Structures are given as C-alpha cells and as structure tokens.
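Engineer:
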Amino acid sequence: MKNRIDQVNKLIRQELGQIILREVDMPEGVVVTLTRVAASGNLQQAKVYISVVPDKNTSEVLKSLRQDIYSIQQMLNSRLKMRPVPRIRWVAETATAEAQKIEELLDQIKKER
Numbered sequence: 001m002k003n004r005i006d007q008v009n010k011l012i013r014q015e016l017g018q019i020i021l022r023e024v025d026m027p028e029g030v031v032v033t034l035t036r037v038a039a040s041g042n043l044q045q046a047k048v049y050i051s052v053v054p055d056k057n058t059s060e061v062l063k064s065l066r067q068d069i070y071s072i073q074q075m076l077n078s079r080l081k082m083r084p085v086p087r088i089r090w091v092a093e094t095a096t097a098e099a100q101k102i103e104e105l106l107d108q109i110k111k112e113r
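full-length UniProt numbering applies: residue 1 is where the sequence shown begins, and numbers increase by one.
Structure (structure tokens):
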C-alpha cells in the first residue's frame, strides 16, 4: 500500500507541475515549485506543498491557487486514470524557507571569520 501511495504522490506532483506551468497565471517574477505531495492513506486527500520565490509572495500565490482549486482539480481529474483522485489542498513549504535561512546564517558566519 505504501508503494502505491508513493506512486500516486509522484504522479500527482508531475501532473500538477504541468498544470501550474501551462494553465495557471502566476504573478510576474514569481517562481512556484511543487516540493512534495502527501496523499492520505485512503487516497481521499493530498497535501501539495509549494515553495515560492521570492517567499514574500507565498500568501498571494496560495490565495490564487486556492481560488483556482476547482478548475485545477478538474484538470487533474481528467488527466489521471485512477479513482478516486485525491482532493488537493495547497500548503506552503516551510522546510525550504528554513533551510534557506540556515544557509544565509552559515554564510554570514563564514564572512565574519
């Protein structure tokens, strides 16, 4: 079962990546990355983690994705040959931002030496 969930996560990530790249309008100068997908054990829902650069635009991008959720979900449903297709939920990826802050602090420490 775990293997199937991993496959579903990978497939959803690939398809949503294509949908966002081709079908969703993003603000100028903003890069959105799907970092990971975590489908529930019963495949009813999937959390889709996104990273936004610059990170100050994260809330704006999340709001836009949440407003477009119906059409994005419909596109995903039509592309995937499985039932049920998990309902997607957008989540901001915090691990990426935390890693970036750690890198910046390490760089700062190196410069001070």
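We put the CB at the ideal spot given by N, CA and C, even for glycine. Model, not experiment: these values are computed from the prediction.
With respect to 7 Å, is the separation between the Cβ of I19 and the closest non-hydrogen atom of the ligand SAH below this value?
Structural biologist: This structure simply doesn't include the ligand SAH, nor any ligand for that matter.
Engineer: Nearest chain C C-beta to E93 closer than 8 Å, yes or no?
Structural biologist: Judged by its chain identifiers, the structure shown contains no chain C, having just a single protein chain.
Engineer: Name the DSSP bridge partner or partners of A92?
Structural biologist: Walking along the sequence shown from the start, residue 92 turns up at place 92. According to DSSP, A92 bridges with I50.
Engineer: Smallest Cα separation from residue 139: which of L34, V30 and D6?
Structural biologist: Since the first residue shown for the chain is 1 and the last is 113, residue 139 is missing from the structure and cannot be characterised.
Engineer: Measure the C-alpha to C-alpha separation of N3 and M75 and round it to an integer number of angstroms.
Structural biologist: For the purposes of this step, residue 3 is taken as residue 3 along the sequence shown, with counting starting at 1. For the purposes of this step, residue 75 is taken as residue 75 along the sequence shown, with counting starting at 1. Looking at the two C-alpha atoms, the distance is approximately 25 Å.
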